[in-house]
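Trainee: Each residue of the sequence shown is one higher than the last, beginning at 118 in our numbering.
Virtual Cβ for every residue (Gly too), placed ideally from N, Cα, C.
Provided herewith is a single structure, encoded as structure tokens, for subsequent inquiry.
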Amino acid sequence: MVTRQIPTEEEVLGYMTSLSNWGRWGQDDELGTLNLITPEKRAQAGRLVKEGVSITCSRHIDPEMAPDVVSIPP
């Protein structure tokens with residue numbers, strides 16, 4: 118059985134810089150990882166389409182009444 122060691126605070130804070138994408142595409146970039154969606158990738162994705170059916174990626178969330186909520190606005 119593999120035992121996992123909890124990372125130290127220092128290690129977790131280090132993730133902020135070692136895993137950051139800030140500056141990856143230049144200092145003035147505002148798209149971030151959207152830069153990975155190139156015209157070539159769009160064409161590649163288009164070739165995967167078999168039927169013209171749109172499918173939502175959103176998830177319906179039913180609001181639950183919490184004990185401290187009197188009512189949910191319409």
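(1) What would DSSP say about Leu130, mapped onto helix, strand or coil?
(2) Return helix, strand or coil for Ala183, following the three-state DSSP convention.
(3) For the alpha helix (DSSP H) that contains Glu157, what are its first and last residues?
(4) State the DSSP-derived secondary structure class of Gly149, mapped to helix, strand or coil.
Mentor: In terms of the structure at hand:
(1) helix
(2) coil
(3) Pro156 to Gly163
(4) helix
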